[in-house]
Ligand SMILES: Cc1cc2nc3c(=O)[nH]c(=O)nc-3n(C[C@@H](O)[C@H](O)[C@H](O)COP(=O)(O)OP(=O)(O)OC[C@H]3O[C@@H](n4cnc5c(N)ncnc54)[C@H](O)[C@@H]3O)c2cc1C
Ligand code: FES
Ligand code: FES
């Protein structure tokens, strides 16, 4: 298994990278390589040109301005995992990262690469959907922003043009004290999830005042469980309430593959939705599935 | 179209001038062009961890990186662990605790564990288990690998304390 021959380019600036991408035929961007390299080694992709983003200046970094966490596309997953800012402002992202591959893959893998690869079960994609993130892209015509709900265009296909590069991810953070839980079901730890669930809750005076619930791995892109979100706002968080309303997740359109049938994915959606909400609301401390192993 | 590129790979402190196609993975360059065959190749798609080496201070899977990308960064492979005839504490620990049988996965586990323990000699059991779970072994059933790394952790910790004290 060896990658096909290609010409290698290592631009140093974003403008140079955009220029190359806009003029070269059949070019592929290389970020952390943790998804692209296996695909090259297996010759699922056969580019004539590979444009390496690793030396481009200014594409990595994490900062917070006006309640928005801005993350450069080339920021390594490992850097996010160890960022105090991320842990403090976006606990959902912090929790989700612990499920993304392994330490060696996180050392190279980037957030931008994960979003652009757009695996249906990719944790970071689920987090961006849960947080209503915005994706900033640069192309020959300038820059634009894409609301994350519009970002997935199909299976493994982001809604960016062939000549566009994702430059940053903007995550609006929730107020301090909000609750977050990311859980997933996979065959082995470190594997891609079969189904995952991300819950964000704001609880004031014993009632839920704001809720976000996202299920990953069921369809080609994560789906927001808006019915559940609406049903729990204004209510007191209880296991009984969550169990009742999460039944609606069974009606999600689900895919089937060698890992799981559509019915099994729907079942997992219901169970994980409830567990994620329970965990976010601190109702799961004694649950058997919530114990360290 | 795929002209060779001249690069210098610094492996275990030594410069290797090589001329490789850009499509050549780091692990192939280490084995074929630098003749350091201690680093093994298992799956070639990032799943097994046999090819783990340390690049620029971080453990990475060298089948998921091109050789040209490692230019200018210090690379460490299993050949660099022993000093002369004296094995690294982790290597000794793998021997003492039967952390290997056929030995195919061992270089990858050693480099992963060395990098992990050097970064955090006080790493807890749970985190250590999480880190080690990234590599595959078809022989040992893992328990002795875990034992060996834990023993080396104590060993390296005592040494540090001795140096510090
Ligand atoms: C053993 C193993 C286990 C894994 N487990 C998981 C897991 O559990 N969950 C998970 O989510 N992922 C997992 N992954 C994949 C993850 O590690 C990758 O990091 C991620 O999917 C891709 O990020 P990357 O930076 O490596 O991108 P690359 O592989 O370099 O690129 C991926 C794709 O995105 C495109 N691209 C990259 N950057 C940009 C950009 N800025 N603009 C436009 N297009 C771009 C590339 O052209 C390519 O098509 C695993 C990988 C391995 C090898
Ligand atoms: S050979 Fe690199 S991970 Fe298997
Ligand atoms: S000792 Fe044989 S694969 Fe691990």
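Chains as they are written, first to last, in the working numbering: chain A, 115 to 407; chain B, 16 to 180. Glycine included, each C-beta is placed from N, C-alpha and C at the ideal position.
ask   = Could you give the C-beta distance for residue 376 of chain A and residue 370 of chain A, rounded to a whole number, given that I count them as a contact under 8 Å?
value = Your numbering for residue 376 of chain A matches position 262 in the first chain. Your numbering for residue 370 of chain A matches position 256 in the first chain. Contact holds; Cβ gap of about 4 Å.
request  = Kindly indicate which residue of A/236, A/117, A/169 has the alpha-carbon position closest to the one of residue 125 of chain A.
outcome  = Counting from 1 along the first chain, the entry for residue 125 of chain A is found at position 11. Checking every option, the nearest Cα to that of residue 125 of chain A belongs to A/169.
key: Under 7 Å by beta carbon: chain B residues contacting residue 304 of chain A   = Here residue 304 of chain A is taken as the residue at index 190 of the first chain, counted from 1. Ordered by position in chain B, the residues that pass the 7 Å Cβ test against residue 304 of chain A are 148, 149.
task = Taking the CB atoms as reference points, tell me whether residue 64 of chain B and residue 118 of chain B lie closer together than 8 Å.
result = In the second chain, the residue the question calls residue 64 of chain B occupies position 49. In the second chain, the residue the question calls residue 118 of chain B occupies position 103. No, Cβ-Cβ distance for residue 64 of chain B and residue 118 of chain B is not below 8 Å.
ask   = Rounded to a whole number of angstroms, what is the C-alpha to C-alpha distance between residue 393 of chain A and residue 295 of chain A?
value = As a first step, residue 393 of chain A is located in the first chain; it is residue number 279 there, counting from the start. As a first step, residue 295 of chain A is located in the first chain; it is residue number 181 there, counting from the start. Approximately 6 Å, taken between the alpha carbons.
ask   = Along chain B, which residues have their Cβ under 8 Å away from the Cβ of residue 378 of chain A?
value = By one-based count along the first chain, residue 378 of chain A stands at place 264. For residue 378 of chain A, none of the residues of chain B pass the 8 Å Cβ criterion, the least Cβ distance being about 24 Å.
ask   = With contact counted as at least three CB pairs below 8 Å, one residue from each stretch, are the stretch 219-233 of chain A and the stretch 182-198 of chain A in contact?
value = Counting C-beta pairs closer than 8 Å gives three or more between the stretch 219-233 of chain A and the stretch 182-198 of chain A, which meets the contact rule.
ask   = Taking just the CA atoms, how far does residue 164 of chain A sit from residue 257 of chain A?
value = As a working note, residue 257 of chain A is residue 143 in the first chain. As a working note, residue 164 of chain A is residue 50 in the first chain. Using only the alpha carbons, I get a separation of about 22 Å.
ask   = Quick check: the stretch 87-95 of chain B against the stretch 120-140 of chain B, are there 3 or more CB pairs under 8 Å?
value = Segments in contact, yes.
message = For ligand 2, I want to know if residue 53 of chain B counts as a neighbour, meaning its beta carbon is within less than 7 Å of at least one of the ligand's heavy atoms.
response = Looking up residue 53 of chain B in the second chain gives position 38. Answer for residue 53 of chain B: no, Cβ out of range of ligand 2.
inquiry  = Is any non-hydrogen atom of ligand 3 found closer than 7 Å to the C-beta of residue 152 of chain B, if you look at the structure I gave you?
reply    = Here residue 152 of chain B refers to the residue found at position 137 of the second chain. Yes, since a heavy atom of ligand 3 falls inside the 7 Å radius drawn around the Cβ of residue 152 of chain B.
query = How is residue 388 of chain A classed by DSSP in three states: helix, strand or coil?
reply = Numbered from 1 along the first chain, position 274 holds the residue referred to as residue 388 of chain A. Here residue 388 of chain A sits in helix by DSSP.
query = Three-state secondary structure (DSSP) at residue 22 of chain B?
reply = Reading the second chain from its first residue, position 7 is the one you call residue 22 of chain B. Correct three-state label for residue 22 of chain B: strand.
key: residue 263 of chain A classed as buried or exposed, judged by whether at least 16 other C-beta atoms fall within 10 angstroms   = What you label residue 263 of chain A is simply residue 149 of the first chain in a count that begins at 1. Exposed, since its Cβ has fewer than 16 Cβ neighbours within 10 Å.
N-terminal and C-terminal residue of the alpha helix (DSSP H) that residue 124 of chain B is part of = Locating residue 124 of chain B in the second chain gives position 109, counting from the first residue. From DSSP, the alpha helix (DSSP H) with residue 124 of chain B extends over 121-134.
request  = Give a yes or no on whether the minimum CB-CB distance between residue 36 of chain B and chain A is below 8 Å.
outcome  = Within the second chain, the letter at position 21 stands for residue 36 of chain B. For residue 36 of chain B, a Cβ of chain A is located within less than 8 Å of the residue's own Cβ.
request  = Using a Cβ-Cβ cut-off of 8 Å, state whether residue 158 of chain B counts as contacting chain A.
outcome  = The count along the second chain starts at 1 and reaches residue 158 of chain B at position 143. It does not; no Cβ of chain A falls within 8 Å.
query = For residue 380 of chain A, which three-state DSSP category applies?
reply = As a first step, residue 380 of chain A must be located in the first chain, where it is residue number 266. In the three-state reduction of the DSSP assignment, residue 380 of chain A falls in the helix class, which pools H, G and I.
query = Using a C-beta cutoff of 8 Å, does residue 16 of chain B count as contacting chain A?
reply = Position 1 of the second chain holds residue 16 of chain B. Because the pLDDT of residue 16 of chain B is 49, which lies under 50, any placement of that residue in the model is unreliable, and the question is left without a value.
ask   = With a cut-off of 8 Å, does the C-beta of residue 67 of chain B fall near any C-beta of chain A?
value = Taking the first residue of the second chain as 1, we reach residue 67 of chain B at position 52. It does; some Cβ of chain A falls within 8 Å.
query = Which residues bound the alpha helix (DSSP H) around residue 146 of chain B?
reply = By 1-based counting over the second chain, the position of residue 146 of chain B is 131. Under the DSSP assignment, residue 146 of chain B falls in the alpha helix (DSSP H) whose first and last residues are 140-147.
ask   = If you compare alpha carbons, which of B/146, B/60, B/45 is closest to residue 68 of chain B?
value = Here the question's residue 68 of chain B lines up with position 53 in the second chain. For residue 68 of chain B, the closest of B/146, B/60, B/45 by C-alpha to C-alpha distance is B/45.
ask   = Any idea if residue 160 of chain B is buried or exposed, counting beta-carbon neighbours within 10 angstroms, 16 or more meaning buried?
value = Here residue 160 of chain B corresponds to residue number 145 of the second chain, with the count starting at 1. By the neighbour-count criterion, in which 16 or more other beta carbons inside 10 Å mark a residue as buried, residue 160 of chain B falls on the buried side.
7 Å Cβ shell around residue 184 of chain A - same chain, five flanking residues per side excluded = As a working mapping, residue 184 of chain A is identified with position 70 in the first chain. By the criterion of a C-beta distance shorter than 7 Å, residue 184 of chain A is surrounded in its chain by 177, 282, 284, once the five residues flanking it on both sides are discounted.
Exposed unless 16 or more other CB atoms sit within 10 angstroms - verdict on residue 24 of chain B = In the second chain, counting from the first residue as 1, residue 24 of chain B sits at position 9. Answer is buried; the Cβ neighbour count reaches 16.
request  = Determine, using beta carbons only, whether residue 278 of chain A and residue 252 of chain A come nearer to each other than 8 Å.
outcome  = On the first chain, residue 278 of chain A is found 164 positions in, with the first residue counted as 1. On the first chain, residue 252 of chain A is found 138 positions in, with the first residue counted as 1. Against a cut-off of 8 Å, the Cβ pair of residue 252 of chain A and residue 278 of chain A comes out as a contact.
message = Can you confirm whether residue 91 of chain B, when its beta carbon is compared against all beta carbons of chain A, has any partner nearer than 8 Å?
response = Your numbering for residue 91 of chain B matches position 76 in the second chain. For residue 91 of chain B, the closest Cβ of chain A is not nearer than 8 Å.
inquiry  = Pull the bridge partners of residue 321 of chain A from the DSSP assignment, please.
reply    = Against the first chain, residue 321 of chain A aligns to sequence position 207. Its beta-bridge partners are A/318.
message = Would you say residue 74 of chain B lies against chain A (beta-carbon separation less than 8 Å)?
response = Taking the second chain and counting its residues from 1, one reaches residue 74 of chain B at position 59. Residue 74 of chain B counts as touching chain A.
key: residue 126 of chain A - partner residues in DSSP beta bridges   = Residue 126 of chain A sits at position 12 when you count from the first residue of the first chain. The partner list for residue 126 of chain A (beta bridge, DSSP) is empty, contrary to what the question assumes.
task = Quick one: using the 10 Å Cβ neighbour count with 16 as the cut-off for buried, is residue 113 of chain B buried or exposed?
result = Within the second chain, the letter at position 98 stands for residue 113 of chain B. By the 10 Å Cβ count, residue 113 of chain B comes out exposed.
key: residue 271 of chain A at chain B interface by Cβ criterion, 8 Å   = Sequence index remark: in the first chain, residue 271 of chain A carries index 157 (1-based). With its beta carbon at least 8 Å from every one in chain B, residue 271 of chain A lies outside the interface.
query = CB of residue 152 of chain A to nearest heavy atom of ligand 1: below 7 Å?
reply = Your numbering for residue 152 of chain A matches position 38 in the first chain. Relative to ligand 1, residue 152 of chain A has its C-beta within less than 7 Å of a heavy atom.
key: Interfacial residues, the stretch 48-66 of chain B to chain A, with Cβ spacing under 9 Å   = Against chain A - using a Cβ distance shorter than 9 Å - the residues of the stretch 48-66 of chain B are 58, 59, 60, 61, 62, 64.
request  = Would you mind telling me which residues of chain A sit closer than 9 Å to residue 83 of chain B, beta carbon to beta carbon, in chain order?
outcome  = On the second chain, position 68 is the one that residue 83 of chain B refers to. Using a Cβ-Cβ cut-off of 9 Å, residue 83 of chain B is close to 122, 124, 166 of chain A, given in chain order.
request  = Leaving aside the five residues before and after residue 182 of chain B along the sequence, list all residues of the same chain whose C-beta is less than 6 Å from its C-beta, in chain order.
outcome  = For chain B, the structure presents residues 16 to 180; residue 182 of chain B sits outside this window and is missing.
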